[in-house]
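This report refers to the structure that appears directly beneath it.
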Ligand SMILES: [Zn+2]
């Protein structure tokens, strides 16, 4: 250890920054003089500053302009309008023939086509950096890798250009990358300050890790909730790379990590063993040598998880390639002290450059092998499907066209083949209607993705999870589905079916009607209210004779009376039609308030929907993920403006200007007693407070609500543990993220729009509340046997049974709606989003 300390101190302090960029990063290279180096172009050596994204893009443009070995393609734009780019490097002949190379490569992923001559095909390598924007050595290494590969005249670079198409994605998260770069650049001192407590090394909320909507993009490869990954995955399937490098940073005191990851426990059981046991070890040798040559230490086979398909290093493994995660101990800033001395930014960049170059070398040396593996992967998918007792899955929600379409889109985006269901069928107690349900056969090249979408997994080889242990997307979407023993579908679905909205003809109507069952019904309601339309809702079902015949409207359905409006009939009709188009909703109309069955339209069970005015507290101490999920939901699914206000500004808020306050998980201890009294006053006079997870614990600690935690009888704790076992013991008690079945009261305003009284929910916390003391105020409660998928310890499973998932505390004439699970998790829990919409629009009805 002492010896290493001396060595690394020598490397860090002596070699940099006293030596110029070329000597530090490329001591033995000859570069083409006609191509500007990053230092020439930026005016500073890489490592001196965090390079701004626009500057980097202009450098890539310059490289592509200066050389026939490279091209730059803009494939999309982020939320903040930064271009999402792919920088391609190969030899000039390959660059001229990219389309030919691409189409030939794609033959490998279709087992029905003859295998092309793989000996002549270049390796397709995607190097992807900065999915976490505050892991900055990665993008700087992308710049150096691009420069080296374009400009170096070495045999090594030449060989790679000849035998590979290198696709560099310099930042998967450009918006977060610039947020962090600006932070560290604006706090840089002269000379640099290494003290970990210096402001440069401590970002404020939200961190650069996340994108515009505060999402972790390294969880989004499966859900595709964000534009960056929607763009990336579309592009990904146009290439199916053989190798994908996914570059990260970790804590400053850590060294370097590369794969293989921890055997079995952090592996995805549906990925072929060959990937883990053979290919990863083949590649690891290259990374070890590259870092050994620099005297940089590293570790493998520990800690990092590689099981969740939404990671950038796992998704490629489920697409026949090799996904590789790299983690460098961060300087987070320009230099930071660590247990091994000062870590400079340049030092971290050099390690990432070394493994980037090693990835290219390995991919080229193993290219024939990797091509054959890509073909074999999709061939074995078909043979494995043959052994699966599920021959197909049928899915579809009879009442929710929008959610069906969202799920269909997800399947198509992941290249899963879907077919029409040609007959009504019932299976496992669910019914699937022709035209409103679809068939997914298991026997198809994307068989393993089909399993990822539908299969529930409850047995694991480990009990410690870095992240989620369950990701069954059909459950997240809340889509009814069932396994089938035979596959019989009609035409293949190649694009989303057209919507037939069928707006009522001109007529003398008493009311327009809309069903709340559709996912985008809240968007309709918001657009109507925005247009000044008075909207009512029913607390009980009724059947109305409409322009399209008798139709049942369940609780929560919207009634737009043509009387009682500020708009005249023509204006009203235009406003309703515009909102219906804008939200893709069906509208019915009736000429009579007298219902065919159930209550009439003038019943006391029908009441006006108040226009919600919503405020969410955010900032230091609150969960940026949860807050971001809510912001994203309101923007992209409802289109409704919502004030997001920093907790530190609470003293300036008049809560009486708002109907609804949202508290994401977090710590609100900064609120003064006067501010808490204002909150209590507003609540008792009718406010609606929506509280998520640990925010409910804070409300309980302040006695704003007086509910009860669930504890079980003294658990069997071991008397003694070995010191080495502590992590496993603690880890097993966590709930990293798993899926449960809960009962839903569809007569409660929170249950409006749901047709089933069972609902899958997502949990990643160990907060257990008893049901509300008021008997009818626990609309969502765990069943007695709730586990659907994922890992949970036996004692936690005991606690969770029959506990509350969503419940309401009454406070004076106001109420607190507690979400103990996360209904908006990762922008992908479409099945539980409506609970949250109901809390916003119907909060004052419960
Ligand atoms: Zn990371």
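Numbering (the working numbering), first residue to last: -9 to 836. Think of the CB as a built atom: it goes at the ideal place given N, C-alpha and C, for glycine as much as any other residue. These numbers come from a predicted model, not from an experiment.
Three-state secondary structure (DSSP) of residue i
i: residue 263; result: helix
i: residue 704; result: Here the model assigns residue 704 a pLDDT of 49, short of 50, so the residue's position is not dependable and the matter cannot be decided.
i: residue 632; result: coil
i: residue 775; result: strand
i: residue 559; result: helix
i: residue 87; result: coil
i: residue 296; result: strand
i: residue 407; result: coil
i: residue 437; result: helix
i: residue 247; result: strand
i: residue 425; result: coil
i: residue 382; result: strand
i: residue 163; result: coil
i: residue 541; result: strand
i: residue 830; result: helix
i: residue 667; result: helix
Of the listed residues the options, nearest to residue i (C-alpha basis)
i: residue 507; options: 546, 493, 529; result: 546
i: residue 71; options: 334, 44, 94; result: 44
i: residue 484; options: 511, 754, 395; result: 395
i: residue 252; options: 225, 611, 296, 404; result: 296
i: residue 909; options: 631, 441, 742; result: Residue 909 lies beyond the range of the chain shown here (-9 to 836); nothing can be said about it.
i: residue 231; options: 490, 583, 111, 602; result: 111
i: residue 337; options: 287, 376, 379, 292; result: 287
i: residue 746; options: 389, 548, 644, 668; result: 389
i: residue 744; options: 174, 677, 501, 511; result: 511
i: residue 61; options: 634, 84, 652, 40; result: 84
i: residue 403; options: 562, 136, 224, 104; result: 224
i: residue 116; options: 108, 77, 701, 637; result: 77
i: residue 351; options: 810, 275, 266; result: 275
i: residue 439; options: 314, 514, 382; result: 382
i: residue 268; options: 356, 437, 534; result: 356
i: residue 499; options: 475, 534, 509; result: 534
i: residue 387; options: 552, 362, 820; result: 820
i: residue 505; options: 577, 149, 370; result: 577
i: residue 674; options: 104, 573, 725, 805; result: 805
Under 8 Å between C-beta atoms of residue i and residue j
i: residue 788; j: residue 764; result: no
i: residue 558; j: residue 495; result: no
i: residue 422; j: residue 481; result: no
i: residue 152; j: residue 22; result: no
i: residue 263; j: residue 816; result: no
i: residue 761; j: residue 731; result: no
i: residue 860; j: residue 781; result: This structure cannot settle anything about residue 860, because the visible part of the chain is limited to -9 through 836.
i: residue 518; j: residue 569; result: yes
i: residue 812; j: residue 526; result: no
i: residue 838; j: residue 323; result: The structure shown does not extend to residue 838, since the chain is modelled only from -9 through 836, so no value can be given for it.
i: residue 488; j: residue 462; result: no
i: residue 470; j: residue 385; result: yes
i: residue 610; j: residue 635; result: no
i: residue 655; j: residue 691; result: no
i: residue 668; j: residue 645; result: yes
i: residue 550; j: residue 598; result: no
i: residue 305; j: residue 212; result: yes
i: residue 795; j: residue 807; result: no
Whole-number beta carbon distance between residue j and residue i, since they are thought to touch under 8 Å
i: residue 256; j: residue 294; result: 6 Å
i: residue 156; j: residue 79; result: 5 Å
i: residue 216; j: residue 203; result: 7 Å
i: residue 207; j: residue 271; result: Actually they do not touch by this definition, with Cβ atoms about 29 Å apart.
i: residue 742; j: residue 826; result: Residue 742 to residue 826, Cβ: 12 Å. No contact.
i: residue 555; j: residue 493; result: Not really, about 18 Å apart at Cβ, beyond 8 Å.
i: residue 119; j: residue 131; result: 7 Å
Short CB-CB distance (under 8 Å) between residue i and chain D
i: residue 468; result: No chain D is present in this structure, which holds just one protein chain.
Residue i beta carbon near ligand 2 (any heavy atom closer than 7 Å)
i: residue 122; result: Ligand 2 is not part of the structure shown, which contains ligand 1 as its ligands.
At 3 residues or longer, and completely inside the stretch 94 to 161: list those beta strand (DSSP E) runs for me, N to C. Segments of the beta strand (DSSP E) lying fully in the stretch 94 to 161: 113 to 118, 154 to 159.
At 3 residues or longer, and completely inside the stretch -6 to 79: list those beta strand (DSSP E) runs for me, N to C. Correct list: 60 to 67, 73 to 79.
Runs of alpha helix (DSSP H) wholly within the stretch 444 to 530 (minimum 4 residues, chain order): Runs of the alpha helix (DSSP H) inside the stretch 444 to 530: 463 to 466, 511 to 520.
Ranges of the beta strand (DSSP E) found wholly within the stretch 189 to 256, counting only runs of at least 3: Considered as a whole, the stretch 189 to 256 harbours 233 to 240, 246 to 248 as its complete beta strand (DSSP E) runs of no fewer than 3 residues, in chain order.
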